[in-house]
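So the sequences go chain by chain: W and U.
Following the working numbering, the numbering of the first sequence begins with 1 at its first residue and continues without gaps.
Following the working numbering, the numbering of the second sequence begins with 1 at its first residue and continues without gaps.
Input: a single structure, listed below in structure tokens.
There are 2 protein chains.
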Amino acid sequence: MTNNEIEKKLESKKVKPTAMRTLVYKALADSGKTLSLADLEQRFEKVERSTIFRALKSFEDNFIVHTVNDGSGSVKYAVCDEDCTCNIHDLHVHFYCTRCGRTRCMKELPIPNIKLPDGYTYDNAQFVINGVCPRCD
Amino acid sequence: MTNNEIEKKLESKKVKPTAMRTLVYKALADSGKTLSLADLEQRFEKVERSTIFRALKSFEDNFIVHTVNDGSGSVKYAVCDEDCTCNIHDLHVHFYCTRCGRTRCMKELPIPNIKLPDGYTYDNAQFVINGVCPRCD
DNA sequence: AAGTTAGTGCAACATTGTTGCAAAGTTTAA
DNA sequence: TTAAACTTTGCAACAATGTTGCACTAACTT
């Protein structure tokens, strides 16, 4: 993804595309994976944790990335699809490989619809499947 | 739940029922909720965090309690059902109330079956729904 | 009763996520 | 074009969480 495309993307979501933000987004998008804050820190040794953290937060707040809580102890981030609004219908299953620790967006597997008992509202969900990925098997 | 019942329960799962473990189990069972390590610490001000932690770990390893990763930042624990072996078929949805921070086991809602792409194995899963509970609505 | 094993408390620690503040950079508007 | 206003970044610090090593104590074994 070119810097230009990234800048447009960020602008379209009302996030000012600063140099740092563009770099962080690029790293995440190019990785094609979910990355934790620590993962990203390693890719930019010179950049402050808090800067990356705040970039990710602004992305998250503006539906540019979504987070996954895979139980590994650190939150992971992944770029959203083009038209994602991070609402229930855009959510997909994530797969956490207990062997390599990698977490993958299963975009082809939407989170199934659940009928909650009366009185509960449904805003959001996380569905993480643990197992072993083809790579590790 | 009486101490006697708890001791039997723990023994049946091959965990020696020490005084501390019995207390921790009782607190968790009696609460009828999911509790974090910090929650339990508060209930036993005199007891070491690590002791409670290790009690919970031994419970978890022996399928006496299960953990929930509700995204709140701390893992929560809940007692398993009588016959639970914590395998896929015993898993249920958890509900995290974004208002009060409480997490509830929805035992009546089993985790739906998902057909993963070839090459992936399915050991375990976490399905947490975020919303507002009747109490907070 | 002595020896072995298991459990507990204490202290310390790494990691994660987060914030306040000041410096640097960017935008606005005179 | 320069000053003022605002935003972003880096630094430092911090709390919370989860976790471990070690020594002491309790419990079990023979």
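C-beta atoms are modelled at their ideal positions from N, C-alpha and C, and glycine is treated no differently.
The structure presented is a predicted model; accordingly, all values stated were derived computationally and were not measured.
Check                                                                                                                      : Outcome
Spatial distance of residue 15 of chain U from residue 71 of chain U (CA atoms)                                            : 29 Å
Own chain residues within Cβ distance below 7 Å of residue 109 of chain W, not counting five before or after               : 92 and 93
Same chain, Cβ closer than 7 Å to residue 74 of chain U, neighbours up to 5 away in sequence not counted                   : 36, 37 and 38
Rounded distance between the beta-carbons of residue 123 of chain W and residue 32 of chain U, thought under 8 Å           : That belief does not hold up - the Cβ atoms of residue 32 of chain U and residue 123 of chain W are roughly 24 Å apart, past 8 Å.
Reduced DSSP secondary structure (H/G/I, E/B, other) of residue 13 of chain U                                              : coil
Residues within the stretch 52-72 of chain W neighbouring chain U, beta-carbon criterion of under 9 Å                      : 67, 69, 70 and 71
Inter-stretch contact (C-beta, 8 Å, three-pair minimum) for the stretch 98-109 of chain U and the stretch 39-47 of chain U : no
Cross-chain neighbours of residue 133 of chain W in chain U, by beta carbon under 8 Å                                      : 119 and 120
Beta-carbon neighbours of residue 42 of chain U, restricted to chain W and to distances below 8 Å                          : Going along chain W, no residue has its Cβ under 8 Å from residue 42 of chain U, so there is no contact; the nearest lies around 22 Å.
Distance between residue 121 of chain U and residue 97 of chain W (C-alpha atoms, nearest Å)                               : 9 Å
CB contact flag (residue 28 of chain U, residue 68 of chain U, <8 Å)                                                       : no
Length of the line joining the Cα atoms of residue 7 of chain W and residue 24 of chain W                                  : 12 Å
Nearest-angstrom Cα separation, counted from residue 118 of chain W out to residue 81 of chain W                           : 32 Å
8 Å Cβ cutoff, residue 10 of chain U in contact with chain W                                                               : no
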